[in-house]
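Below is one structure, written out as C-alpha cells, with a few remarks after it.
Protein chains: 2
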Amino acid sequence: MALPARVEICECWARDGIQGEGQFIPTDVKIQMIQQMVNLGFHRMEATSFSHPKLVKQFADSVDVLKGLPRRDDLTYIAIVPNQKALERLLDCCQAGYGVQEITAIISASEDHLLANLERTMAEAKPPLAKIVRQARAEGLKVIGCIGTSFGCPLSGEVPLAQVEELTDWYLEQGADYIMLGDTTGEANPLQVRRVYQRMLDKFPNVEFISHFHDTRGMGLANTLAALEQGLVYHDGSLGGIGGQPSTNRPKYHYGLSGNTCTEDILVMLDELGVATGIDTVGAIELSQRIEAVCGRELLGHTTRSGPVRHRSRQALDTTALKTGREVPPSLYLWQPDAAGSGQNHTQVAEKIIRDALDHNWPMPVDFPLEVKDLEIRAWPEQRAVLLTRFTVLEPGDTARLEALCQKSDGEVIFQGPVTVSNIA
Amino acid sequence: MALPARVEICECWARDGIQGEGQFIPTDVKIQMIQQMVNLGFHRMEATSFSHPKLVKQFADSVDVLKGLPRRDDLTYIAIVPNQKALERLLDCCQAGYGVQEITAIISASEDHLLANLERTMAEAKPPLAKIVRQARAEGLKVIGCIGTSFGCPLSGEVPLAQVEELTDWYLEQGADYIMLGDTTGEANPLQVRRVYQRMLDKFPNVEFISHFHDTRGMGLANTLAALEQGLVYHDGSLGGIGGQPSTNRPKYHYGLSGNTCTEDILVMLDELGVATGIDTVGAIELSQRIEAVCGRELLGHTTRSGPVRHRSRQALDTTALKTGREVPPSLYLWQPDAAGSGQNHTQVAEKIIRDALDHNWPMPVDFPLEVKDLEIRAWPEQRAVLLTRFTVLEPGDTARLEALCQKSDGEVIFQGPVTVSNIA
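Below is the structure:
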C-alpha cells in the first residue's frame with residue numbers, strides 16, 4: 245500500500261518521555277528543549293502532565309512549563325489529564341492564556357492493567373473520564389482518547405480487539421477527536437498492527453487514529469511502519485527512545501521498561517522511506533544528544549550514534565546553510581604515486597582530493613570556487629595508499645570555512661587545515 | 245504475502261558478534277556458549293574466523309574452538325575465510341576431523357568499502373576470492389557468497405543494485421551455494437529490502453538468499469520482517485545484538501557501530517508472527533544474559549530485559565517441563581473483603597488466589613492438585629486491595645515446587661511460601 249506522503253510526528257519527550265526519570269529536570273531546561281523542538285519543525289508536542297505533583301514529581305512544574313512555552317498558531321501542545329482536579333488546573337492555565345490545544349485522556353483496554361495502574365475497575369474508571377472528555381471539549385480543547393494496552397497486556401496477556409472497539413465507540417460518544425491505540429508495554433507485532441488497524445479503519449472509517457508504540461521488544465519501528473502502511477498520519481515518538489512508565493514503588497508487573505519508539509530513529513526511517521515530516525532530522529539527532537546530557541546517560545536511540553543514512557545531496561552545496569561544528573561525511577581516495585597527476589605538487593593533489601571529497605557529498609560544478617591557502621601538508625605517502633578525507637564546518641556563509649583532515653588508513657595525517665568554499669547555489 | 249512457516253536462524257555471536265570485542269573471550273567460554281546454542285535448538289552457527297590472528301586477536305584460537313565443538317549430523321558450523329592462507333588452515337582442520345560445513349566468502353558491493361576494509365580494488369579482490377570459493381567447493385564445503393554493503397555504503401552512499409546483481413552472477417559462476425546480501429553498516433530500510441529482494445528473486449529464482457542486517461539505525465527487525473515477507477528462509481542474528489566491525493586503529497569511516505540484529509529479539513518477533521524456528525526463545529534470552537556476563541556489559545537486546553510477550557499457554561501445565569529459577573509471570577487479583585468468599589479463612593483465600601494466578605498462565609482444570617502447606621500469611625488487607633501474585637520455580641518434577649509471592653500494590657507482602665503442584669498433563 246502507498247505510504248502517506250506526509251505525516252505528523254508528536255514528540256512525547258516532555259511527558260511520556262521524562263515521567264519515569266528519577267531526577268527532576270529543571271523547568272527552564274524543559275522549556276528550552278521544547279523551544280528547540282519547535283525550531284526543528286515539530287508541530288505536535290506533549291508538553292506536560294497534570295498528574296498529582298506528589299505522585300509524579302517530575303510534573304510538579306506543569307503550570308510553569310506551560311507559561312514558558314513559545315506560542316504560535318501552528319503549534320499543538322498536549323497535556324495529560326488523569327482526573328477532574330487535573331482538568332480544573334489545566335483549564336485555569338487555558339483561561340490565563342497559557343494553556344494547551346489538546347488533552348490526552350487515558351484508559352486501558354485490559355482491566356488488569358487499569359487495576360494495576362489506577363486501582364480502578366473498568367466500571368469505576370469510565371464515568372469520571374467521560375466527564376473530563378466532555379468538559380474539555382466544551383471548553384474548546386481537542387481530546388485524544390488513548391486506549392492503553394490495545395495490543396496486549398503484561399498481566400492478562402491477550403486483549404480482545406472487541407474491547408478496543410467498544411472503548412473506541414465509547415470515546416467517540418463522549419466526543420473525542422482522535423483515538424490513540426496505545427502499545428503501552430510493547431506487546432504489538434507488525435502483523436497484529438496491520439490486522440488491528442485494518443479492522444479499526446474498516447469499522448471507524450472517519451476516525452483519526454494515532455499510533456503510539458513502545459519499543460520494549462525492539463519492534464517500535466516495524467510497528468510504526470505497519471501503521472504507516474495502513475495510512476495512519478499521526479505517529480508518536482520520544483527523542484532518545486526515553487520513557488515508558490512512571491517510577492513508583494509498586495511491585496513490577498512487567499520488565500523491560502524501555503520507552504517510546506525513538507523519534508530520531510523514526511525520522512531517519514521516514515526520510516529513507518520518502519515520507520515527509522517537516523522536521524530537521526539531523527537537528528533532532530543533535531537535540532537528542534543534548535537530551536542525553538540533560539538526563540546524564542546514553543539513551544536508546546540508534547541514529548543518535550550512527551547519524552542518518554548517507555546519501556549524496558541532490559542539490560548543489562549551499563554554503564550559507566552549513567552548520568558550525570557539523571561534520572561532512574568522509575570520502576576515500578586511492579592514492580597511487582605513478583597514476584595520472586603524479587607530475588603535480590602535493591598542494592595540487594590535496595586540492596584535487598578535497599574537490600573530490602566535497603563532490604562526494606554534493607554535486608559540485610567543475611572548478612568550483614575553492615581556496616586551500618594554509619593547508620599543512622605532512623609526510624606524503626610514497627606508496628599506494630587509501631586516503632580518508634573529512635571536513636568540519638568552521639563557519640558557514642557566502643564563503644564558508646571548513647577544516648579538512650586527510651588520513652592514511654593507519655591513522656597517519658597526510659594533510660589538514662582550513663579551506664574556503666564560495667557559494668555556487 | 246504469506247510468511248514462511250519455518251525459518252533457519254544462523255547465530256553469528258561467535259564470529260560477527262565478538263570480532264570487535266576488545267577483550268579476548270577464553271576458548272572454553274566460546275565453546276560453552278556454542279554448546280548451549282546447540283542445546284537450545286540452533287542448527288546454524290558462525291563458529292569462528294580464520295582471519296590473521298595478528299589482525300583479529302579474538303580468533304587466534306580458531307583451531308581450538310573447532311576442536312572443542314559438539315558434533316552432530318544436523319549441525320552446520322560456518323567459518324569466515326578471508327584469504328588463501330586462511331583456507332589452507334581451515335582445510336587442515338577439516339582433514340583432521342574438526343572442520344566446518346560451510347565457509348563465508350566476503351566482498352563488498354561498494355568499491356570504496358572494499359578499499360577501506362581490505363585496501364583492494366574490485367579487480368584486485370575478485371581473483372583470489374574466486375580461487376577460495378572454487379577450492380572450498382572442491383573440498384566438499386558449502387560456500388556462502390556474502391556481498392557486503394548491498395544496501396548502501398557509509399563512504400559512497402547509494403550502491404547500485406546492478407553491482408549487487410553482477411556480484412551475485414559472479415559468485416554463482418564460482419559455484420557459491422548461498423548468496424548473502426549483507427547490510428554491513430545498517431543502511432537498509434524495509435521498502436528497499438522488499439524492492440531489492442523482489443528484484444533479486446525475480447532474476448535469480450533458484451538461489452537461496454540469506455538475510456543479514458545490522459541494527460545500526462534500529463531497523464534490523466523491520467528489515468528482517470521485510471526479507472521474511474519476500475519468502476526468505478535463512479536469516480542471521482547475534483545474541484545481544486553484539487558485533488559489527490573489527491576493532492582496528494583505522495580512522496572511523498562511519499559511526500554507530502551497533503551490531504547484528506539481535507537474535508533473541510528476532511526469535512520473539514518470529515514467535516509472535518507464528519513462524520517456527522525450532523529454537524527455545526526463553527532459553528536464548530537466558531543465554532544472552534549469560535553472554536552479557538561474559539562480555540562484562542549490558543548488550544543491545546530488548547527482550548533480554550523484557551522477556552517474551554505474555555500469552556496464556558494453550559497447553560495444560562506440564563510440571564516436569566518447568567525450569568528451576570524461572571519466574572512465572574505475575575497475575576492480579578482484586579481483593580474485596582465484602583465479596584463472596586469473605587467467610588473463608590486467609591489460607592483458603594490465598595489458595596484461591598494461587599489457583600487463579602496459575603490459571604492465568606495455563607488453562608488449569610477445576611480443583612487441580614495443589615498443596616499450600618507452609619504458606620506464611622502476613623497482614624491481610626482490611627480494605628479492598630489490588631494483589632499481585634507471582635511464582636518462582638524451585639523444583640520441577642511430577643510434583644513441582646514453586647515459591648509464591650503475593651504483594652499489595654504498595655509492595656507490602658501479603659503471603660509467601662512454597663506451593664506444590666502435581667502434574668495433570
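Protein sequences, first through last, are from chains R and W. Using this note's numbering, the first residue of the first sequence is number 245, and each one after it goes up by one. Using this note's numbering, the first residue of the second sequence is number 245, and each one after it goes up by one. Glycine included, each C-beta is placed from N, C-alpha and C at the ideal position. Quick caveat: nothing in here was measured; it's all calculated off a predicted structure.
Sequence-distant Cβ neighbours of aspartate 642 of chain R in its own chain, meaning closer than 8 Å and more than five residues away, are Thr563, Thr564, Ser666 and Asn667. A straight-line Cα-Cα distance of about 11 Å links glutamine 588 of chain W and aspartate 582 of chain W. Contacts between proline 434 of chain W and chain R, judged by CB atoms closer than 7 Å, involve Leu469 in chain order.
The Cβ of cysteine 254 of chain R sits no closer than 8 Å to any Cβ of chain W. Closest by C-alpha distance to tryptophan 257 of chain W, out of W/His458, W/Met608 and W/Cys338, is W/His458. When Cβ-Cβ separations below 8 Å define contact, serine 550 of chain W makes contact with chain R. Cα atoms of arginine 439 of chain W and alanine 349 of chain R: separation of roughly 40 Å, rounded to the nearest angstrom. Taking 8 Å as the upper bound on Cβ-Cβ separation, chain W lies near no residue of the stretch 312 to 331 of chain R.
From the beta-carbon of alanine 360 of chain R, the residues of chain W found nearer than 9 Å are Leu576, Val630, Leu632 and Ser653. Glutamine 418 of chain W sits away from glutamine 442 of chain W, with the two beta carbons spaced by 8 Å or more. As summarised for the stretch 592 to 661 of chain W, the continuous beta strand (DSSP E) elements at least 3 residues long and confined to that stretch are 629 to 639 and 643 to 652, given in chain order. In the DSSP assignment, no residue is bridged to glycine 264 of chain W. With 16 or more neighbouring CB atoms inside 10 Å of its own CB, glutamine 263 of chain R falls in the buried class. Using a CB distance below 7 Å, the part of the stretch 504 to 520 of chain W facing chain R consists of Cys506, Asp509, Val512, Met513, Glu516 and Leu517, ordered along the chain. Spatial neighbours of aspartate 515 of chain R in its own chain (CB-CB distance under 6 Å, excluding positions within 5 residues in sequence) are listed in chain order as Thr525.
For glycine 518 of chain R, the secondary structure class from DSSP, reduced to helix, strand or coil, is coil.
For alanine 374 of chain R, the CB contacts under 7 Å within the same chain, skipping 5 residues up- and downstream, are Gln418 in chain order. For the pair valine 538 of chain R and leucine 614 of chain R, the CB atoms are not nearer than the 8 Å cut-off. Rounded to whole angstroms, the separation of the alpha carbons of threonine 591 of chain R and isoleucine 454 of chain R is 57 Å. Nearest Cα to alanine 340 of chain W within the set W/Leu310, W/Leu362 and W/Pro270: W/Leu310.
Closest in C-alpha terms to proline 326 of chain W, from the list W/Arg316, W/Ser293, W/Arg549 and W/Lys301, comes W/Ser293. When CB distances to chain W are screened at a threshold of 7 Å, the residues of the stretch 392 to 413 of chain R falling below it are Gly396, Pro398, Leu399, Gly401 and Glu402, in chain order. Contact of valine 553 of chain R with chain W is assigned, a C-beta pair being separated by under 8 Å. Around proline 248 of chain R, the same chain offers Leu472, Gly475, Leu476, Val477 and Val519 as residues with beta carbons nearer than 8 Å, after the five sequence neighbours per side are excluded. Counting only unbroken stretches of 3 or more residues, the beta strand (DSSP E) elements lying wholly within the stretch 548 to 585 of chain W are 571 to 579, in sequence order. For the stretch 386 to 463 of chain R, the continuous alpha helix (DSSP H) assignments of 4+ residues that do not extend past its boundaries occur at 405 to 418 and 434 to 447, in sequence order. Look at threonine 547 of chain R: its C-beta is under 8 Å from a C-beta on chain W. Valine 610 of chain W counts as exposed, since fewer than 16 other C-beta atoms from the protein chains shown sit within 10 angstroms of its C-beta. In the DSSP secondary-structure assignment, serine 352 of chain W is bridged to W/Gly392. Shown here, aspartate 318 of chain R sits in coil according to DSSP, grouped into three states, outside any helix or strand. The criterion of a C-beta distance shorter than 8 Å is not satisfied by arginine 259 of chain W and alanine 304 of chain W. Residues of chain R with a Cβ closer than 7 Å to the Cβ of aspartate 459 of chain W are, in chain order, His546.
The three-state secondary structure of alanine 340 of chain W, taken from DSSP, is coil. Contact annotation: proline 574 of chain R and threonine 505 of chain R have beta-carbon atoms that are not nearer than 8 Å. Excluding sequence positions up to five before and after tryptophan 624 of chain R, its CB lies within less than 7 Å of the CB of His590 and Ile658, all in the same chain and listed in chain order.
Segment contact: the stretch 384 to 395 of chain W against the stretch 415 to 432 of chain W, three or more CB-CB distances shorter than 8 Å; contact assigned.
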